[in-house]
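Per the working numbering, residue 47 is the first one in the sequence shown, and the count goes up by one each step. Notes for the one structure printed next.
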Amino acid sequence: MRKLGFLLGALVVLGAARIAAAQAQNNEPAKSQQAVVLHAARLFEVEPGKIVSPGEVLIVGDRIQAAGTSVPHPAGARTIDLGDTTLMPGLIDAHVHLFLHPGKAEDLQTITESVPERTIQATLNARADLMAGFTSERDMGTEGAGPADTAVREAINEGLIPGPRLRISGMAISILGGHEDAIGFNPAQHALGNADYANDIEQIIETIRQQHKDGSTFVKVYETGHDQMVPHGSAPCLGNPICATFGIGEQPGDPKFWDFHTPYQYTEDQLKAAVAEAARLDTNVGVHCQGEPAARFAVLAGVAAIDHATQLSDGTMQLMKEKHIPAVPTFVVFQYFADHAPTPKAAALEHAMLNYKIHEFKRQVAAGIPMAVGSDVGPFPHGTQAKEFELMVRYGMTPLAVLQADYLNDPRILTWQNEVGQLKPGYYADVVAVPGNPLQDITAVEHVQFVMKGGVVYKNDLAPGAIQ
Ligand SMILES: [Zn+2]
């Protein structure tokens, strides 16, 4: 029965999305579409950072026309009463992998699963993320599935399948023998890596152009390679994924006793070339960047954000403040790997890295660098990534600061400023409803009960039969 209910729900959702797509294709003026008024006990105003009561949003077509404690109710408008909930803009995740799933290492997914299989999985993941309230996402690489993300994004945009609005990169760009390059397999098998190779500026530019041709909307670069935690004074263990010296010493991960090593992959000049080429295409560069000196290179080059940002020097943090380049901590994936490591030794390593990260994050918050919210979902289950908000609060930010990071800084990274992230006239009608008050209890965002994207209702737990 549950399955049947789900199927019917999905068909209704698909039908609604198709209608919306058909309307968009016919270029119907927004005025001719039925107005919708959302009403709830509360509404979160992002910029002033406050909850008002009650909350109402007027939607016509795919855009918001008015929002506040009360809005005009045009004749014939459909009112959806969402009861004792808080209306908020749709959640944004600046770091997802729709083509990854938990339970198998990323490089093994590339080697053992076909691209069609992974694409089907990606469509299910897109739906799970949307139903969890994420209406905009930046997909940080298909990790071995080439430009298959273009097909997923197109299917979503055409209303064929439910999913968030997406910025996509195709595959990440990386150096030969670099991050995620199928290291440790029998060389005679020529195992596929998870990235597109580029070893110099010419190759970087050529790769960006090829990815652009294949449908990418931004550039993803692996800027750091293999990470290691070693006790102070120890040499990094070259080529050994779990350092031989690991396990010695007190308080694993405490920067007083431990060092974090991560090699850079591209020089500042090479990154500058990538940023310039992306700018020529009216877009930007996202980086996997765990630490120094890579973070400094990336910030000087002008990337959109520093993703993972486990280690940032004082000088780099100063530059991030001056240039308004946010860090995207991606705590959930670190937490998940620490909790699901295959061996006790690996678990200890992952916990040491998480502890180190928490120490450094507190320093970053104290320094006042801009933050954005991205989870790195994919290695852990899609649809559960709102946990990122909770962890950012647990490790040092206020609920309001985390919500503003998500709603104000993520749209800049996704180049959807003035389009998503606020309940204001002219913005996309991307609206979620959560129980309780997220400023008092941030875990409210993990229990999204209502999801609207572009004026189409995809989920309404408060009146499940009313989706249309
Ligand atoms: Zn990632």
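We put the CB at the ideal spot given by N, CA and C, even for glycine.
Asked	Found
Got a sec, what are the start and stop residues for the alpha helix (DSSP H) H258 sits in?	I247 to K259
Give the range of the beta strand (DSSP E) segment to which N506 is assigned.	V502 to N506
If distances are taken between C-alpha atoms only, which option among L327, D385 and F343 comes closest to E314?	F343
Take the Cβ of V494 as the centre, count every other Cβ of all protein chains shown within 10 Å, and call the residue buried at 16 or more, exposed below.	buried
Within the chosen definition, does the region 162 to 178 reach the region 224 to 242 through at least 3 CB pairs nearer than 8 angstroms?	no
The beta strand (DSSP E) with K541 in it runs from where to where?	One cannot answer for residue 541 here, as it falls past the ends of the chain, which runs 47 to 514.
In three-state DSSP terms, what is M399?	helix
Are there any heavy atoms of ligand 1 lying less than 8 angstroms away from the beta-carbon of T376, as far as the coordinates show?	yes
Would you say the beta carbon of V267 is closer than 8 angstroms to some non-hydrogen atom of ligand 1?	no
Would you mind listing the beta strand (DSSP E) stretches within the region 447 to 497 that are 3+ residues and don't spill past its ends, in chain order?	477 to 481
Mind checking who S182 pairs with in its DSSP beta bridge?	I138 and R211
Determine which residues share a DSSP beta bridge with A373 and list them.	I352 and M417
By DSSP's criteria, V276 is part of a beta bridge. Which residues make up the other side?	D305
Shorter than 8 angstroms, the distance from the beta carbon of H236 to the closest heavy atom of ligand 1, or not?	no
Indicate whether the contact test is met: 3 or more Cβ pairs, each with one atom in the region 154 to 165 and one in the region 439 to 448, closer than 8 angstroms.	no
Is V379 near ligand 1 - that is, is its Cβ less than 8 angstroms away from at least one heavy atom of it?	yes
Say yes only if the C-beta of D353 is nearer than 8 angstroms to one or more non-hydrogen atoms of ligand 1, and no if none qualify.	yes
What separation, rounded to the nearest whole angstrom, lies between the Cα atoms of V267 and H334?	6 angstroms
With a cut-off of 8 angstroms on the beta carbons, I'd call G420 and D353 a contact; round off their distance for me.	6 angstroms
Compute the minimum distance between the beta carbon of H143 and the heavy atoms of ligand 1, and state whether it is under 8 angstroms.	yes
Rounded to whole angstroms, how far is the Cβ of R213 from the Cβ of T263, which I believe are closer than 8 angstroms?	5 angstroms
Taking the straight line between their C-alpha atoms, what separation do you get for R326 and H258?	11 angstroms
I want to know whether the region 361 to 368 touches the region 414 to 430 - three or more CB-CB distances under 8 angstroms.	yes
From V502 to A393, what does the alpha carbon distance come to, in whole angstroms?	43 angstroms
Give every residue whose Cβ lies closer than 5 angstroms to any heavy atom of ligand 1, listed in chain order.	M186 and D422
Which residues bound the beta strand (DSSP E) around I157?	Looking at the DSSP string, I157 is not in any beta strand (DSSP E); the run it does join, the alpha helix (DSSP H), is E152 to T158.
Are the Cβ atoms of G129 and A86 separated by less than 9 angstroms?	yes
Checking the sheet assignment: what are the DSSP bridge partners for H334?	Y268 and D353
Between F377, V466 and N232, which has its C-alpha nearest P210's C-alpha?	V466
What is the rounded straight-line gap between the Cα of G192 and the Cα of Q431?	24 angstroms
Would the beta-carbon of G424 fall within 9 angstroms of that of H147?	yes
Which one or two residues does DSSP pair with T132 in a beta bridge?	R88 and V480
Taking 8 angstroms as the limit between beta carbons, can you name the residues of its chain near T158, skipping five residues before and five after?	K150
Taking C-alpha atoms, which residue in W462, T329, A490 and I229 lies nearest to V448?	A490
Taking the alpha-carbon of G136 as reference, which of S99, E323, F180 and G114 has the nearest alpha-carbon?	F180
Could you give the first and the last residue of the continuous alpha helix (DSSP H) run that contains L317?	E314 to R326
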